[in-house]
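Q: Numbering (the numbering used here), first residue to last: 198 to 693. Structure below; questions to follow.
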Amino acid sequence: MIYMYDKEQLEFIKELEIKNALYKSQKKKKRLLLWTIILILILIGSIAYFVFLPNLQLKGEKNITLEYSSSYKEPGYQAYLYGKNITNQVKTKGKINTKRIGSYKIEYTITNGILVNKMVRKIMVVDTKKPNIILKGKEDTYLCPNQKYKEEGFEAKDEYDGILTDKVQIIKKENEIIYTVSDSSKNKVEQKRKLITKDIEKPTITLAGTSPFYLYRGSTYQEPGYQAYDNCEGDITNKVTVSGSVDTSQIGSYAIKYIVKDAAGNQTETQRDIVVRSERNANNSADVKGSIYLTFDDGPGGATKEILDILKEEGVSATFFVTGNGADDLIKREFDEGHTVALHTYTHDYAKVYASIYDYFSDLNKIRDRVERITGHRSNIIRFPGGSSNTVSKHYNLGIMSKLTKDVLNRGYHYFDWNVDSGDAGECAASGSTKCVYENVIKGLSKNKANVVLLHDVKSYTAAALKDIIRYGKEHGYTFLPITEDTKMVTHSVHN
Ligand code: ZN
């Protein structure tokens, strides 16, 4: 069945539809108006905001990374309102502790009373410095063959984290040890210790008994013993080779050498000085009263030949304290004609011989060897340049004469100064007066002592005085003698 409207009903519906359409159109207009008003208000608000809001600008970076412990320097900022600088009204907030790593911020605020402008700067305090590993012992560690490495210790430190020693990781390899550590900021450091299997240490030799080792002439030398030790091999005494010999029939210094080599070829050498000394003590000998010991120093020299001729003619034996100067033949003649050839040092150079004990004996050995080479005999009678009482040696070595006067005796030498000074190297030297030399000697002679007369065979005026000196001595009952090992030493007091 179909429902049908009547005519009246249809008109009513039509009227309703027209009313409805009108209503809808009016609503649409209202809404449009509302939106337009809102838009205008937003526009006005925005313009007002930008005109009245203070302007704020940050200088420098907005995000700053700062190294731990460095200092933060504010890069600056600026604020304006209507073109007017109001930077001094900006308020800042926020603190940075550069001693602690972390993230910090600083807030900058400017206000005109109503509107607030705010900006933020971020600061990161970081630690980019690596820790430090300090190895104890040596970086290059030498090990004996089959020796295991024993940790010598280490220390790890970080500027920020402090001690990190217990965080160190150790990797042991065959030829090296690697130490690594990281700090709390993951900064990592590596340190290496090299391991070298090689014995680089020399063995040691320890001598039993003393050096110098003293013994009397005619006695038997017996090795006092020794021991050799190597860091890798232990006791290697059986590898020591001993060389050198001692002639105990001859007074003098000898050396015994000890050499040892370990398996790696490291060699150690040491020496024992052996001193063979006279069984006679010159200080215990009686002096020969009324004797004259003519002693000639510094030669062989220009007057030696003439002096030897006179001594031969007069049948008198004397003593020559020789140096490295002059002809070998003259020393040979001195010895062959019955005089004593004694030692006065090779160079006679105060600066050299008194530089040190070592230098003195080096020089003395040189003249001793020269005399032995020429005469075939080793002399153990000496005179110090300048005498044992000299003070010139103070310039080169303070106290050296006090030591030398003892040392020479310990080494078997007898040393002689003088008690009659001819003055031929002193007061008579300037004038070169023969008379001066003669008178000084005669004045100094005494029958109550052994007269040791200081003369120099490098002075012709001394040679010229010699005959008269000998004649005076003979006429007054003196006996002329050469110095020997039996002669009682005549010594000065030491002043250095
Ligand atoms: Zn001299």
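For every residue, glycine included, the Cβ atom is placed at its ideal position computed from N, Cα and C.
(1) Less than 8 Å between the C-beta atoms of Glu387 and Ile374, yes or no?
(2) Return the CA-CA distance between Arg228 and Ile298, expressed in angstroms with no decimal places.
(3) Closer than 6 Å between the C-beta and any heavy atom of ligand 1: which residues qualify, listed along the chain?
(4) The beta strand (DSSP E) with Ala353 in it runs from where to where?
(5) Any chance the segment 495-502 sits against the segment 633-651, with 3 or more Cβ pairs inside 8 Å?
(6) Distance check for Lys632 and Ala662, CA to CA, integer angstroms please.
(7) Which first and last residues belong to the beta strand (DSSP E) in which Ala539 is found?
(8) Which whole-angstrom value is the C-beta distance of Thr338 and Lys391, which I expect to be below 8 Å?
(9) Any beta carbon of chain B sitting closer than 8 Å to that of Val655?
(10) Using only alpha-carbon positions, find the residue among Val313, Gly674, Leu505 that is nearest to Thr516.
(11) Beta strand (DSSP E) containing Gln468: first to last residue?
(12) Would you call Trp232 buried or exposed, if buried means 16 or more other Cβ atoms sit within 10 Å of its Cβ?
(13) Does the separation of the CB atoms of Ser381 and Tyr357 fall below 8 Å?
(14) Any idea what DSSP makes of Ile375, helix, strand or coil?
(15) Quick check: the segment 244-255 against the segment 309-321, are at least 3 beta-carbon pairs closer than 8 Å?
(16) For Ile571, which option in Gly521, Phe351, Glu511, Ile331 has the closest C-alpha, if you only look at C-alpha atoms?
(17) Would you give the residue range spanned by the alpha helix (DSSP H) that Lys655 belongs to?
(18) State the DSSP-derived secondary structure class of Asn252, mapped to helix, strand or coil.
(19) Whose C-alpha, out of Pro409, Cys341, Asn372, Asp459, is nearest the C-alpha of Arg469?
(20) Keeping to the same chain, check which residues put their C-beta closer than 6 Å to that of Gly629; ignore five residues upstream and five downstream.
(21) Taking its Cβ as the centre, do 16 or more other Cβ atoms sit within 10 Å of Lys205, making it buried, or is it exposed?
(22) Can we say the segment 460-475 touches the segment 593-604, given the rule of at least three CB pairs closer than 8 Å?
(23) In three-state DSSP terms, what is Tyr557?
(24) Would you mind working out which of Lys389, Tyr411, Asn282 sits nearest Arg608, comparing C-alpha positions?
(25) Excluding the 5 residues preceding and the 5 following Leu263 in the sequence, name in chain order all residues of the same chain whose CB lies nearer than 8 Å to its CB.
(26) Since Leu392 sits in a beta bridge, which residues does DSSP pair it with?
(27) Helix, strand or coil: which one does DSSP assign to Tyr269?
(28) Exposed or buried, Arg318, counting other C-beta atoms within 10 Å across all chains shown (16 or more means buried)?
(29) When you compare the CB positions of Gly161 and Gly406, do they come within less than 8 Å of one another, or not?
(30) Give the DSSP-derived three-state secondary structure of Glu348 in the structure shown.
(31) Apart from the five residues just before and just after Val691, which ones in its own chain have a Cβ nearer than 8 Å to its Cβ?
(32) Measuring CB to CB, does Ala627 end up less than 8 Å from Ala500?
(33) Helix or strand or just coil, what does DSSP make of Tyr451?
(34) Per DSSP, what are the beta-bridge partners of Ile360 in this structure?
A: Reading it off the structure:
(1) Taking the sequence shown and counting its residues from 1, one reaches residue 387 at position 190. Taking the sequence shown and counting its residues from 1, one reaches residue 374 at position 177. Contact flag unset, no.
(2) Mapped onto the sequence shown, residue 228 falls at position 31. Mapped onto the sequence shown, residue 298 falls at position 101. Cα to Cα, the separation comes out at about 58 Å.
(3) Asp494, Asp495, His541, His545, Pro582
(4) Mapped onto the sequence shown, residue 353 falls at position 156. Segment 351-355, the beta strand (DSSP E) holding Ala353.
(5) no
(6) Working through the sequence shown from its first residue, we reach residue 662 at position 465. Working through the sequence shown from its first residue, we reach residue 632 at position 435. If you take the alpha carbons of Ala662 and Lys632, they lie about 7 Å apart.
(7) Here residue 539 refers to the residue found at position 342 when the sequence shown is read from its first residue. First-last of the beta strand (DSSP E) with Ala539: 537-540.
(8) Walking along the sequence shown from the start, residue 338 turns up at place 141. Walking along the sequence shown from the start, residue 391 turns up at place 194. Rounded, the Cβ-Cβ distance is 7 Å, consistent with contact.
(9) Absence of chain B from the displayed structure is noted, only one protein chain being present.
(10) On the sequence shown, residue 516 is found 319 positions in, with the first residue counted as 1. For Thr516, the nearest C-alpha among the options comes from Leu505.
(11) In the sequence shown, residue 468 corresponds to position 271, counting from 1. Unbroken beta strand (DSSP E) run through Gln468: 464-474.
(12) Here residue 232 refers to the residue found at position 35 of the sequence shown. Classification for Trp232: exposed.
(13) Along the sequence shown, one-based indexing puts residue 381 at 184. Along the sequence shown, one-based indexing puts residue 357 at 160. Taking 8 Å as the Cβ cut-off, Ser381 and Tyr357 qualify as a contacting pair.
(14) Taking the sequence shown and counting its residues from 1, one reaches residue 375 at position 178. Looking at Ile375 - three-state DSSP - the assignment turns out to be strand.
(15) yes
(16) For the purposes of this step, residue 571 is taken as residue 374 along the sequence shown, with counting starting at 1. Among Gly521, Phe351, Glu511, Ile331, the Cα nearest to that of Ile571 belongs to Gly521.
(17) What you label residue 655 is simply residue 458 of the sequence shown in a count that begins at 1. Residue 655 is actually Val in this sequence, not Lys. No alpha helix (DSSP H) contains Val655, which DSSP labels as neither H nor E.
(18) Taking the sequence shown and counting its residues from 1, the one referred to as residue 252 is at position 55. Correct three-state label for Asn252: strand.
(19) Against the sequence shown, residue 469 aligns to sequence position 272. Arg469 has its Cα closest to that of Pro409, out of Pro409, Cys341, Asn372, Asp459.
(20) Reading the sequence shown from its first residue, position 432 is the one you call residue 629. Same-chain partners within the cutoff: Tyr658.
(21) Counted from its first residue, the sequence shown places residue 205 at position 8. Before going further, note that residue 205 is Glu rather than Lys in the sequence given. Exposed.
(22) no
(23) The sequence position of residue 557 within the sequence shown is 360, counting from 1. In this structure, Tyr557 counts as helix in the three-state DSSP scheme.
(24) In the sequence shown, residue 608 corresponds to position 411, counting from 1. That would be Tyr411, whose Cα lies nearest to the Cα of Arg608.
(25) Looking up residue 263 in the sequence shown gives position 66. The answer, listed in chain order, is Tyr269, Ile293, Thr295, Ile320, Met321, Val322, Val323.
(26) Here residue 392 is taken as the residue at index 195 of the sequence shown, counted from 1. Thr338.
(27) For this step, residue 269 is matched to residue 72 along the sequence shown. Note: Tyr269 maps to coil in three-state DSSP.
(28) Working through the sequence shown from its first residue, we reach residue 318 at position 121. So Arg318 counts as buried.
(29) This structure cannot speak to residue 161, because the chain is shown only from 198 to 693.
(30) The residue you call residue 348 lines up with position 151 of the sequence shown. Glu348: coil per DSSP, three-state reduction.
(31) Here the question's residue 691 lines up with position 494 in the sequence shown. Closer than 8 Å at Cβ, skipping near neighbours: Ser585, Ser586, Met598, Ser599, Thr602.
(32) As a first step, residue 627 is located in the sequence shown; it is residue number 430 there, counting from the start. As a first step, residue 500 is located in the sequence shown; it is residue number 303 there, counting from the start. No, Cβ-Cβ distance for Ala627 and Ala500 is not below 8 Å.
(33) Taking the sequence shown and counting its residues from 1, the one referred to as residue 451 is at position 254. DSSP places Tyr451 in strand when its eight states are reduced to three.
(34) As a first step, residue 360 is located in the sequence shown; it is residue number 163 there, counting from the start. In DSSP, Ile360 forms a bridge with Lys354.
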